[in-house]
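Written out below as structure tokens is the structure these notes cover.
Chains as they are written, first to last, in our numbering: chain A, 1 to 171; chain B, 172 to 597.
Quick look at the structure:
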């Protein structure tokens with residue numbers, strides 16, 4: 001007896017939710033927002049499930065990425081963009097620590113952040129990233145370039161490394 | 172390096188979340204809610220569009236009253252100012268016999284033009300008359316036949332050598348429109364530069380008197396010519412060059428009386444008879460300079476140099492103005508019977524319209540026929556028809572109003588759908 005749509009959905013959620021939460025956490029910077037984003041995304045894909053159930057990954061990721069960027073425009077996320085990061089202690093935390101990376105990501109505009117996460121964490125190609133965000137490949141390229149430049153400023157250790165190691169991803 | 176940093180940060184991601192089954196049920200509920208909202212918004216939009224269409228259609232529709240005999244003719248108890256957005260005969264078809272014509276501005280999507288509105292003798296309906304090739308600047312020169320069946324009008328079109336820099340249409344002939352069938356009979360007299368200074372006067376329902384000259388320059392015409400056009404045979408009978416139909420009056424049953432220079436009574440076959448008649452008061456609105464009885468023995472006219480004034484009635488061979496009738500009138504329309512005359516009575520100093528009254532020529536007593544007459548063409552042979560309260564003509568909106576309202580409805584519905592589907596998704 002073939003599995004019902006709900007069974008397939010539950011199976012997908014059970015298997016892929018941890019990965020989605022990790023991506024969402026990078027996109028939002030907060031655990032609660034990440035849970036909210038993933039939950040919203042999964043609820044939103046249910047009406048389309050019958051059509052995407054054979055290969056839901058790409059569609060789910062697209063909804064997740066677009067929710068993350070469009071919600072910023074409606075200012076529903078709790079994040080606030082500040083002009084300056086808080087001063088670090090003299091001995092300061094490690095500039096490549098998770099806190100510093102998270103702060104640096106939050107300093108990026110949502111779309112640049114999404115581009116970085118999709119390209120460098122989810123390991124998507126430029127074309128796949130463009131499709132997920134609904135933008136052109138050129139936009140992905142320029143947003144990537146701008147985001148990396150900004151991150152190099154915020155995370156000096158990135159600038160010190162070889163560019164190829166920074167951009168060690170598929171093109 | 173960046174990839175490593177991101178992977179390290181991602182390890183801090185939460186791992187919990189609502190049970191998958193609960194997410195599925197919420198997703199289904201959201202989908203249902205979204206569908207219901209979508210259907211509701213679309214339904215409301217459709218209802219609004221249907222209501223808008225219905226209101227627009229009702230505005231343009233003409234209420235046709237039940238008549239004792241559908242072929243009967245009626246004189247409306249009141250005339251109305253027509254809406255510039257009334258439909259035309261091109262869209263609603265021929266109107267049937269007309270009791271009157273009214274000149275009125277006609278508007279559409281863009282701009283305004285001079286128009287001619289027909290008033291149905293049967294139903295009292297109003298509609299713009301779409302006269303093929305009509306010279307729009309000369310629509311006020313059109314003439315309604317005494318029985319309301321035909322309209323004579325000037326046509327515009329190509330002429331070999333048109334007068335340069337002349338404003339308005341170049342007239343290349345005339346046509347007769349059948350108000351019942353919609354058929355048009357056109358006549359194109361020979362002309363080099365166009366026809367000018369034309370006049371129509373109906374001898375009877377099938378004989379049209381036409382008087383015109385040949386344009387020479389912007390404002391003058393020569394080679395004056397008058398003729399009788401037989402509608403049944405489509406033949407023309409040239410009248411004597413002495414005859415000037417400008418200002419002539421008709422009895423509607425075959426005779427016309429001219430009042431310029433030597434007065435003559437002209438028959439449809441072109442024969443003439445000299446009479447004693449002078450008329451110096453100009454025509455007012457839809458009146459005639461001189462109203463002649465069906466037997467062509469008496470005439471009635473406004474006495475003096477202008478209107479309003481008193482009406483004089485006399486035998487055609489008698490000298491003078493005849494016996495004045497008590498009362499003040501603006502014009503004479505035609506004879507209703509041996510003792511009653513249809514005439515225009517002023518409604519007030521500042522009122523441009525008139526009342527159509529029946530005047531007893533024996534004592535000047537009047538009886539109201541139609542109020543608010545502001546027309547220039549009337550079917551004089553139908554003036555004896557029963558007077559009836561006809562429905563007011565529709566007053567359609569500008570086509571922009573329903574179009575903009577429909578576009579706004581669609582736009583608002585689309586926006587509401589967009590907002591709703593986004594909200595319902597969360």
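Ideal placement from N, C-alpha and C gives every residue a C-beta, glycine not left out.
### Task
Specify whether the region 555-574 of chain B and the region 314-333 of chain B touch according to this definition: at least 3 beta carbon pairs, one from each stretch, less than 8 angstroms apart.
no
### Message
When you compare the CB of residue 172(B) with every CB in chain A, is at least one pair closer than 8 angstroms?
### Response
yes
### Query
Which chain A residues are close to residue 257(B), counting only those with a beta carbon under 9 angstroms from its beta carbon?
None at all; the shortest Cβ gap to chain A is about 50 angstroms.
### the region 46-61 of chain A touching the region 189-202 of chain B, judged by at least three CB pairs closer than 8 angstroms
yes
### Message
I need the DSSP call for residue 141(A), collapsed to helix, strand or coil.
### Response
helix
#### Entry: Any chain A beta carbon closer than 8 angstroms to residue 204(B)
no
### Message
Counting beta carbon pairs with one atom in the region 524-536 of chain B and one in the region 570-577 of chain B, are three or more of them shorter than 8 angstroms?
### Response
no
### Task
Spell out whether any CB of chain A is found under 8 angstroms from the CB atom of residue 588(B).
no
### Minimum length 3: unbroken beta strand (DSSP E) runs contained in the region 491-579 of chain B
494-500, 502-506, 511-517, 525-531 and 537-544
### Message
Using a 10 Å radius around the Cβ and a threshold of 16 neighbouring Cβ atoms, would you call residue 483(B) buried or exposed?
### Response
buried
### Query
Which whole-angstrom value describes the C-beta separation of residue 137(A) and residue 128(A), a residue pair presumed to lie in contact below a C-beta threshold of 8 angstroms?
Contact flag wrong, Cβ pair sits at about 10 angstroms.
### Task
Report yes or no: is there a C-beta of chain B within less than 8 angstroms of the C-beta of residue 143(A)?
no
### Message
I need the boundaries of the alpha helix (DSSP H) containing residue 32(A), first residue and last residue.
### Response
31-45
### Query
Can residue 257(B) and residue 290(B) be called in contact, C-beta distance under 8 angstroms?
no
### Message
Strictly by DSSP, which residues pair up with residue 152(A)?
### Response
Residue 152(A) pairs with nothing; no bridge assigned.
### Task
Enumerate in chain order the residues of its own chain whose CB-to-CB distance from residue 253(B) is below 7 angstroms, with the five nearest sequence positions on each side excluded.
273, 275, 288, 297 and 564
### Task
Return the Cβ separation of residue 515(B) and residue 502(B) in integer angstroms, given the expectation that the two are a contact with Cβ distance under 8 angstroms.
4 angstroms
### Task
With a threshold of 16 other CB atoms inside 10 Å of the CB of residue 391(B), please say whether the residue is buried or exposed.
exposed
### Query
Taking 8 angstroms as the CB-CB limit, is residue 298(B) close to chain A?
no
### Message
Could you tell me the alpha carbon to alpha carbon distance between residue 215(B) and residue 51(A), rounded to whole angstroms?
### Response
30 angstroms
#### Entry: Pair within 8 angstroms by beta-carbon distance, residue 431(B) and residue 467(B)
no
### Task
Would you mind reading off the limits of the alpha helix (DSSP H) that contains residue 15(A)?
5-28
### Query
From which residue to which residue does the beta strand (DSSP E) around residue 414(B) run?
Element bounds for residue 414(B): n/a, residue is neither H nor E.
### Query
Can you tell me whether residue 67(A) is buried or exposed, with buried defined as 16 or more other CB within 10 angstroms of its CB?
buried
### Message
Counting only C-beta atoms, is residue 16(A) closer than 8 angstroms to chain B at any point?
### Response
no
### Message
Looking at the secondary structure, which residues open and close the alpha helix (DSSP H) in which residue 181(B) lies?
### Response
173-181
### Task
Thinking residue 111(A) and residue 133(A) are a contact (beta carbons under 8 angstroms), I'd like their distance in whole angstroms, please.
7 angstroms
### Query
Alpha carbon to alpha carbon, how far is residue 585(B) from residue 285(B)?
40 angstroms
### Query
Does any CB atom of chain A fall closer than 8 angstroms to the CB of residue 199(B)?
yes
### Task
Report the neighbours of residue 22(A) on chain B: residues whose CB is nearer than 7 angstroms to its CB, in chain order.
181 and 184
#### Entry: Within-8 angstroms CB hit, residue 117(A) to chain B
yes
### Task
Would you verify that the beta carbon of residue 42(A) is, or is not, closer than 8 angstroms to some beta carbon of chain B?
yes
### Message
Taking its Cβ as the centre, do 16 or more other Cβ atoms sit within 10 Å of residue 191(B), making it buried, or is it exposed?
### Response
buried
### Task
Locate the beta strand (DSSP E) running through residue 382(B), then write down its first and last residues.
378-386
### Task
Would you identify the three-state DSSP class for residue 269(B), choosing helix, strand or coil?
strand
### Task
For residue 571(B), decide whether its Cβ has a neighbour in chain A, counting only Cβ atoms nearer than 8 angstroms.
no
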